[in-house]
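A.B. asks: Using the numbering used here, the letters of the sequence shown correspond one by one to residues 9 to 322.
All C-beta atoms, glycine included, are put in the ideal place defined by N, C-alpha and C.
So that we are looking at the same thing, I have put the structure below in structure tokens.
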Amino acid sequence: MVGSGSSLKKNKISRIFLSSPLLLLQIFADLSLHLRSTMSKGPGLFTDIGKKAKDLLTRDYTSDQKFSISTYSASGVALTSTALKKGGVHAADVATQYKYKNALFDVKIDTDSSVLTTVTFTEILPSTKAIASFKVPDYSSAKLEVQYFHDHATVTAAAALKQNPLIDITATLGSPVISFGAEAGYDITSKTFTKYNAGISVTKPDACASIILGDKGDSIKASYLHHLDEFKRSSAVGEFYRKISTNENTITVGGLYAIDHSTTVKAKLNNHGTLGALLQHEVLPKSVVTVSSEIDTKALDKHPRFGLSLALKP
């Protein structure tokens, strides 16, 4: 009896040791899935560096009058009609969008009888996106772009499909928290670089900062955006821009404040005395009216510029 008990104990211990590698593998797999679920995929595009600060300082600020209305059909077709008054010029366009499997079709027709078509394909190859665009009758505006996304890198390549092709390449390395990126444009005909820029971005849940060296090294832009609440409805931003060749500096500060769940205000001011303000109100769910203005505080005799935008969506 004693011998059989000890053998049972030994068999039990051996089973535990034999199963422990499987348990470790399972724990490691669960941990990997958890880490992947809590992190976004990769560092993003090069154009995302400094984009949040730029959007807060420029998005929705306008001195034009714009009206747009969008409708959606049961088949999934989105139709948007837009009327625009810019200065003394009136313009209008109709845009339609349709998604079929892994392809997204965008077609825009304006009052100049121009037709802009953009087709976006996703997952033709794993982790890739292809974007093709062309304009009729200006066939020289055709462009093809391919984007590749990896957990630690994003690479894009775009080519203008015309007689004198231009190639743009961007690469971003890092993680969703910190990323380094660069872009370059090359003219095949003249064999010269049309542009080369570099940037770095640091992103946290409540703030993001970026530095971009642009204009072939002739300018530097540094920005910092800080969210004042957990819902990111109120934020403050600061931006410093320096043109090295002309020794010109521009410092801009701005902010966003949510008065309530449907009304927000924005304001910005730079060291040249330009003051901008904006009021945005959601009159209906997804339907927004925006009133913006801009004034030169160093030349108060000039008339301020006003803009009005109304976007209606079902």
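1. Just to confirm, does residue 73 get its C-beta within under 8 Å of one of the non-hydrogen atoms of the ligand SAM?
2. Going by DSSP in three states, residue 298 sits in which element: helix, strand or coil?
3. Restricting to runs no shorter than 3 residues, where is the beta strand (DSSP E) found entirely within the stretch 99-181?
4. I'd like the span of the alpha helix (DSSP H) that includes residue 63, first residue to last.
5. Given 8 Å as the limit, is there contact between the stretch 55-64 and the stretch 77-87, that is, 3 or more CB pairs closer than that?
6. Check this for me: beta carbons of residue 150 and residue 169, under 9 Å apart or not?
7. Leaving out the 5 sequence neighbours to the left and right, which residues in its chain are closer than 6 Å to residue 178 when beta-carbon positions are compared?
8. How many angstroms separate the CA atom of residue 208 from the CA atom of residue 181?
9. Which two residues bound the contiguous beta strand (DSSP E) that contains residue 238?
10. Considering only C-alpha positions, which residue in the set 280, 243, 58, 286 is nearest to residue 69?
11. Identify whether residue 55 lies in helix, strand or coil by the three-state DSSP scheme.
12. For residue 237, collect the residues of the same chain with a Cβ closer than 7 Å to its Cβ; drop the 5 residues on either side in sequence, then sort them by chain order.
13. Go ahead and pull the three-state DSSP assignment for residue 96.
14. In this structure, how does DSSP classify residue 203 when only helix, strand and coil are distinguished?
15. Just the C-alpha distance for residue 96 and residue 78, rounded to the nearest angstrom, thanks.
16. Per DSSP, what kind of secondary structure is residue 225 in: helix, strand or coil?
17. Are the stretch 136-148 and the stretch 109-128 touching, with three or more C-beta to C-beta distances below 8 Å?
18. Going by other Cβ atoms of all chains shown within 10 Å of its Cβ, with 16 needed for buried, is residue 172 buried or exposed?
19. Could you give the first and the last residue of the continuous beta strand (DSSP E) run that contains residue 255?
C.D. replies: To lay it out plainly:
1. Summarising the ligand content, the structure contains no ligands, and the ligand SAM is consequently not present.
2. strand
3. 111-118, 123-130, 136-144, 151-157, 161-168
4. 59-66
5. no
6. yes
7. 54, 164, 191
8. 10 Å
9. Unbroken run through residue 238: none, as it is neither H nor E.
10. 286
11. helix
12. none
13. coil
14. strand
15. 25 Å
16. helix
17. yes
18. exposed
19. Element bounds for residue 255: n/a, residue is neither H nor E.
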